[in-house]
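For the sequence shown, our numbering gives the first residue as 544, with consecutive numbering after it.
Think of the CB as a built atom: it goes at the ideal place given N, C-alpha and C, for glycine as much as any other residue.
These numbers were taken from a predicted model, which means no experiment stands behind them.
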Amino acid sequence: MSGMWAVLAFAAAVVVPGWLLHHFGTFRWYWHLLAIAAALAIGLAPTPPSLINPVSELITGVVFLFLMVWGIGGVLLFRPHQTKHRERHA
544 MSGMWAVLAF
554 AAAVVVPGWL
564 LHHFGTFRWY
574 WHLLAIAAAL
584 AIGLAPTPPS
594 LINPVSELIT
604 GVVFLFLMVW
614 GIGGVLLFRP
624 HQTKHRERHA
């Protein structure tokens with residue numbers, strides 16, 4: 544597997560959740576915390592010996608990074624008072 548695929552995959556795993564947060568905003572804070580917990584569970588779980596190959600490790604890394612960026616970004620950008628303010632003045 545070419546190293547360029549890994550660079551593109553990990554770049555997409557950072558850019559896509561950033562774009563989703565920018566375009567759609569944040570969901571409820573607990574969904575983002577759940578994404579962080581799922582990312583930690585995926586990242587800390589031992590890999591079965593039958594799945595130790597470059598492709599499965601790339602997929603695991605991309606999913607971990609995507610969930611972690613989306614979760615942390617959503618928690619940091621969550622502002623409940625602004626959503627209520629927007630609803631009153633819409």
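Anyone know if the C-beta pair for residue i and residue j falls short of 8 Å?
i	j	result
Val-606	Leu-576	no
Leu-608	Ala-549	no
Thr-569	Ile-585	no
Ala-554	Leu-601	no
Three-state secondary structure (DSSP) at residue i?
i	result
Ile-591	The sequence given here places Pro at residue 591; Ile does not occur at that position. In the structure shown, Pro-591 sits in coil (DSSP, three-state: anything other than H, G, I, E or B).
Phe-609	helix
Gly-616	helix
Gly-568	coil
Ser-545	coil
Tell me, to the nearest whole angstrom, how far the beta carbon of residue i is from that of residue j; I am working on the premise that it is less than 8 Å.
i	j	result
Leu-564	Leu-620	6 Å
Inter-stretch contact (C-beta, 8 Å, three-pair minimum) for the stretch 557-573 and the stretch 601-617: yes
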